[in-house]
Structures are given as C-alpha cells and as structure tokens.
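There are 2 protein chains.
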Amino acid sequence: MRKGLRARHAEIPELTTRRLSIYLRCLEILDAAGVETVSSRELADQFHLNSAQFRKDLAYFGEFGVRGLGYRVSDLKTQLVEILGLNRQIRMAIIGGGNLGTALADYTGFNSSRYRVVALFDSDPAKIGTTSRGGVQVQDVRQLAQQVREQAVDIVVLAVPAGAAQAVLDQAAEAGVQAVLNFVPARLKVPEGVRLKSVDLKVQVEALVFHLARLEQSEAASARTPTGR
Amino acid sequence: MRKGLRARHAEIPELTTRRLSIYLRCLEILDAAGVETVSSRELADQFHLNSAQFRKDLAYFGEFGVRGLGYRVSDLKTQLVEILGLNRQIRMAIIGGGNLGTALADYTGFNSSRYRVVALFDSDPAKIGTTSRGGVQVQDVRQLAQQVREQAVDIVVLAVPAGAAQAVLDQAAEAGVQAVLNFVPARLKVPEGVRLKSVDLKVQVEALVFHLARLEQSEAASARTPTGR
Chain Z
224 MRKGLRARHA
234 EIPELTTRRL
244 SIYLRCLEIL
254 DAAGVETVSS
264 RELADQFHLN
274 SAQFRKDLAY
284 FGEFGVRGLG
294 YRVSDLKTQL
304 VEILGLNRQI
314 RMAIIGGGNL
324 GTALADYTGF
334 NSSRYRVVAL
344 FDSDPAKIGT
354 TSRGGVQVQD
364 VRQLAQQVRE
374 QAVDIVVLAV
384 PAGAAQAVLD
394 QAAEAGVQAV
404 LNFVPARLKV
414 PEGVRLKSVD
424 LKVQVEALVF
434 HLARLEQSEA
444 ASARTPTGR
Chain P
224 MRKGLRARHA
234 EIPELTTRRL
244 SIYLRCLEIL
254 DAAGVETVSS
264 RELADQFHLN
274 SAQFRKDLAY
284 FGEFGVRGLG
294 YRVSDLKTQL
304 VEILGLNRQI
314 RMAIIGGGNL
324 GTALADYTGF
334 NSSRYRVVAL
344 FDSDPAKIGT
354 TSRGGVQVQD
364 VRQLAQQVRE
374 QAVDIVVLAV
384 PAGAAQAVLD
394 QAAEAGVQAV
404 LNFVPARLKV
414 PEGVRLKSVD
424 LKVQVEALVF
434 HLARLEQSEA
444 ASARTPTGR
C-alpha cells in the first residue's frame, strides 16, 4: 500500500505542481470575493484555464468536487494548501559558508513566513562562529546530523566547492535529509531516499541570449532591406 | 519591415527556445554519427520528439527542409546555433560586489567557453579595486557605461540591494544594455528596449517542498492502513 502510494506520487509531473499553485491562487481570489462554490468550467472561463486539465490534475489526489454543485472554494483551497505542503514553514540549512552560501542564507526569498534558513555550515575553522549579515551563525559541518534533528531541517542547500559536494551530500543523507537543493556544478550520485534538485543558473541566461540573437538578426535583416533605417 | 520582424520574434515562446536547444543536441548526435539528412519523422522517432511540433517550431524561423529529402543535418545544426545565439561568447557584467555578486562573478557556469564575466561593479569605495577569488576586479559603478562599451557587455546581472536596483537598472539601460538578469527581489520598472529576466530562487525550492508534502501524506496514509509498517 505504502509503496503503491509513493510510486503514484513520485510520478506527478512538475508541471502539474505548478498548475496546482495557479489553481490555488485563483481559489484564493474567489474565496476573498466571497464565492462559495465553483464549477471547473466557471473556474476555467474566469481564469483562462483548461477545465479538462484542471479536473485531470485534481484527479491525481482524489475526488474533490460535489456532483451538480462543483467545488467548495474554501475546502478545495485548504486541500491544495495541504497537497502543496504550504501549511507549515519550511526550514532550510545551507552547507557552505562562502560567498554563495552566505548570500543564500541572507536571501530574502529564503527568509519569510514560508521559508526560514535555520543553519549555515562550513568546515573552515576561520568561518565557524562568524555570523552572516542577516544574522545566521556559521556552525561546524560536523554538527550537521545533530542540527538537522534538533532544528527539524526540511531542506539542505548545497553551496560547497565541487570537490566537497559528494561527501557533504552523503553526510546529509545519513543525517536523514530527504530533500536537497544543489547549487554545485558537479555530477553527484544521489543517495537513496533523497530528492535532489540542481539549480543551473546558466539556463536562466539562455532566454536572454536568445533574445539578443533575435535582435541582432532583425537588425541585420533591416539593414539589408531598403525600408530599414 | 524591421518592426514586423521584431514583433514576430518577440512572440516566440520560451518553451520553443528550450525545444530548439533539444533539437540542436539531437542534430549534434546525428552529425557526429555521420548522418547527412534526416526527416522530421525519423528525428522524432529516434529522439522521442513530436514531429509536428518540430516542424512548427522551425517554421517560426523560415523554411529549412528540402522536399523529399528532409533536413540536411549539418546545415540545420549551423542554423540552430545561429538562431539560439550560440555562435559567439556572451560577455556578462555583474553589478553588486556583495556575497551574491561575487559568487556569481566566480560561478563556473558563467565562466566557460560560452559565457564570460568581464566586469564586476560596486559603489562602495572599500570594495572598488578588490578582486574576487576567481580574479574579477571590482570597478566603480560610475564607470558602467564606459565599460559596457569598451568590454562589449551583452548581459548585465543585477545583484545589488533592493533599494538600489531601480537606479542601477536605469543606468544600465542608458548605457545601452539590452538584456538584464535580475536577482533582486524587488518590483522593477523595466526601461524600454531592455529585456529583463528575474530569477526567483524560491521557485526552485517549491518542487522539493511538494515532494516532502507527498512523503508526509503517504507516511500518514500508510500509518492508517493495517498493511502499513
């Protein structure tokens, strides 16, 4: 039973998750406006969604609608909040007290009602005991396992040098960490029981590069036509 | 003519760009294997692509196939490299010499044959003249316009405090910068002629949070069933 459930959940595509976030935002708007029930078609019309897709996305998680009535806005909102794991604060620990790790520890997006950086680790004695500008103290990475337990860390962020990444990842896995956000540009063997998401900032640049290439090509094209300036 | 071209280009969806990158990788594989021509169907079959989507994506940029023959692998590869702007090195300047800016200046992904960080700027006299670990010198942000010209900067990366972001963005636009990658969590008014892409690292965490929520729910479910351990 457990295995079956896990397997089913593991197959939920990331795009579904993103759409669930959008549905939640729509429901919040309706709820704030005092709307009590909504059909998938009404929801789709009002927010330019695909109603079949909406029903399919929800079907991953069970039966939510009431026949002939549609969805109870407030109930569905609560259920989406739970499904998306938004009903509690996410506690993060950052490993690597260099420039990137320190920047991430103080990153506004990681320090809100929703997320909190509770610990920052390094192995360098010169860094241990110092404090980031935002007030996060650098601790000895040898205390990782203990701190993960005591501070109830949900997500570990890897911001160490490439050569240290695998050892640190294994250490985090042994400490029981189940989710890792990786900023290290290195091929890592992901330990069993760990979900690792790697962030490649190059990808963010690619859309801009494409835009620049388009600009250049249209400028070249306009230079070749008599109507161009 | 020029306006028409620009407008058409501006409408190309980001997902198309990503797919073009995938097509390019497939063509590189075929080219390396000595394949000279390929039909959209063969390409689709071999790499699990959608052949109609492939033809539609290419149609944005003109006519590439040869009737009855398909595509010349090597030619199409060259054309995609150009369309994607991959035929030259992209030169980046980072504004903000704090932890994040310095980390980005030394980021491996931004320093390859493809990308190069050519300048790092700050307004703090204590930082100006210092050098990042990777060897990028911090320059006075008042020299931005001059450096953008002299160093042929393609993309500016914003990594300044939120309060300074708008002024710095305007300054970059005045210096003729057409593409900006923004790490500042602030609402910015984007100057005309500038394409701005904002990076929100929170988004990267959300997929992990969802994964954790699923784990918790399946554990709770298995605890309620007699077959659960």
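In order, the protein sequence lines correspond to chains Z and P. The number in the working numbering is simply the position in the first sequence, starting from 1, with 223 added. The number in the working numbering is simply the position in the second sequence, starting from 1, with 223 added. Cβ coordinates follow ideal geometry from the N, Cα and C atoms, glycine included. Values in this document were obtained by computation on a predicted structure and should not be read as measured data.
Return yes when the Cβ of GLN369(P) is within less than 8 Å of the Cβ of PHE344(P), no when it is not. Their beta carbons are not under 8 Å apart, which means PHE344(P) does not touch GLN369(P) by this criterion.
For VAL417(P), tell me which candidate among GLN440(P), ARG410(P), ALA396(P) has the shortest Cα-Cα distance. Selected option, being the one with the closest Cα: ALA396(P).
Simplified DSSP assignment, three categories, for THR353(P): Correct three-state label for THR353(P): coil.
Within-8 Å CB hit, ASP345(Z) to chain P: Put simply, the CB of ASP345(Z) is far from chain P, with every gap to its CB atoms at 8 Å or more.
In this structure, how does DSSP classify TYR246(P) when only helix, strand and coil are distinguished? In the structure shown, TYR246(P) sits in a helix (DSSP, three-state: H, G or I).
Neighbourhood of SER262(P) by C-beta, 6 Å cutoff - its chain only, sequence neighbours within 5 removed: Excluding the 5 residues flanking it on each side, SER262(P) has same chain C-beta neighbours closer than 6 Å at GLY293, in chain order.
List the residues of chain P that THR331(Z) touches, going by C-beta distances under 7 Å, in chain order. Simply PRO408.
Classify VAL361(Z) as helix, strand or coil using the three-state DSSP reduction. DSSP places VAL361(Z) in strand when its eight states are reduced to three.
Put SER421(P) into one of helix, strand or coil per three-state DSSP. Correct three-state label for SER421(P): strand.
Quick check: LEU435(P) and ALA402(Z), are their CB atoms within less than 8 Å of each other? A distance below 8 Å separates the beta carbons of LEU435(P) and ALA402(Z).
Can the beta-carbon of GLN394(P) be found less than 8 Å from the beta-carbon of LEU367(P)? Yes, Cβ-Cβ distance for GLN394(P) and LEU367(P) is below 8 Å.
From GLN312(P), ILE235(P), LYS425(P), residue whose alpha carbon lies closest to that of ALA282(P): ALA282(P) has its Cα closest to that of ILE235(P), out of GLN312(P), ILE235(P), LYS425(P).
Roughly how many angstroms separate the alpha carbons of VAL379(P) and ALA342(P), rounded to a whole number? Between the C-alpha atoms of VAL379(P) and ALA342(P) there is a straight-line separation of about 9 Å.
Tell me which residue opens and which closes the beta strand (DSSP E) that ASP345(P) is part of. First-last of the beta strand (DSSP E) with ASP345(P): 338-345.
May I ask you to report which of helix, strand or coil DSSP gives ALA275(P)? When secondary structure is reduced to three states using DSSP, ALA275(P) falls in the helix class.
What residue range does the beta strand (DSSP E) around ALA398(Z) cover? For ALA398(Z), no beta strand (DSSP E) run applies, since DSSP gives it neither H nor E.
For ASP423(P), return the contacting residues in chain Z, with the cut-off set at a CB-CB distance below 8 Å. Chain Z residues near ASP423(P): GLY332.
Report yes or no: is there a C-beta of chain Z within less than 8 Å of the C-beta of ARG372(P)? By this cut-off, ARG372(P) is not an interface position.
Consult DSSP for GLY293(Z) and reduce its assignment to one of helix, strand or coil. Looking at GLY293(Z) - three-state DSSP - the assignment turns out to be strand.
Can you give me the C-alpha to C-alpha distance between LYS350(P) and GLY320(P), rounded to a whole angstrom? C-alpha separation (whole angstroms): 7 Å.
What are the boundary residues of the alpha helix (DSSP H) that ARG372(Z) is part of? First-last of the alpha helix (DSSP H) with ARG372(Z): 367-373.
Flag PHE287(P) as yes if its beta-carbon sits less than 8 Å from any beta-carbon of chain Z, otherwise no. Not closer than 8 Å to any Cβ of chain Z, the Cβ of PHE287(P) fails to qualify, so no.
Would THR353(P) count as contacting chain Z if we go by Cβ distances under 8 Å? Contacts with chain Z at 8 Å (Cβ-Cβ) do not include THR353(P).
8 Å Cβ cutoff met for ALA382(Z) and ILE306(Z): Contact flag unset, no.
Put VAL379(Z) into one of helix, strand or coil per three-state DSSP. In the structure shown, VAL379(Z) sits in a strand (DSSP, three-state: E or B).
Determine which residues share a DSSP beta bridge with ARG410(Z) and list them. None, per the DSSP bridge assignment.
Could you please give the first and the last residue of the uninterrupted alpha helix (DSSP H) stretch that includes ALA328(Z)? If you look at ALA328(Z), you'll find it in the alpha helix (DSSP H) that goes 322-329.
Residue span of the alpha helix (DSSP H) that contains ALA267(Z), given as start and end: Counting along the chain, the unbroken alpha helix (DSSP H) around ALA267(Z) starts and ends at 263-270.
Say yes only if the C-beta of GLY332(Z) is nearer than 7 Å to one or more non-hydrogen atoms of the ligand SAM, and no if none qualify. Absence of the ligand SAM is noted for the structure shown, with no ligands found whatsoever.
Measuring alpha carbon to alpha carbon, tell me which residue in GLU259(Z), GLY257(Z), PHE270(Z) is nearest ARG248(Z). Comparing Cα positions, the closest option is PHE270(Z).
Do you know offhand how far ALA328(P)'s Cα is from ARG278(P)'s? The alpha-carbon of ALA328(P) is positioned some 39 Å away from that of ARG278(P).
Cutoff 6 Å; reference ASP385(P); Cβ partners in own chain excluding five residues on either side: It is Ala, not Asp, that sits at residue 385(P) in the sequence shown. Result list for ALA385(P): VAL407, ALA409, in chain order.
Whether LEU392(P) touches VAL428(Z) by CB criterion (8 Å): Taking 8 Å as the Cβ cut-off, LEU392(P) and VAL428(Z) do not qualify as a contacting pair.
Quick check on ASP423(P): buried or exposed, where buried means 16 or more other Cβ atoms within 10 Å of its Cβ? The residue in question, ASP423(P), is exposed, as its Cβ has fewer than 16 Cβ neighbours within 10 Å.
Which residues in the same chain as PHE287(P) place their Cβ atom closer than 8 Å to its Cβ, once the five residues preceding and following it in sequence are excluded? These residues qualify, in order along the chain: LEU281, TYR294, ASP298, LEU299, GLN302.
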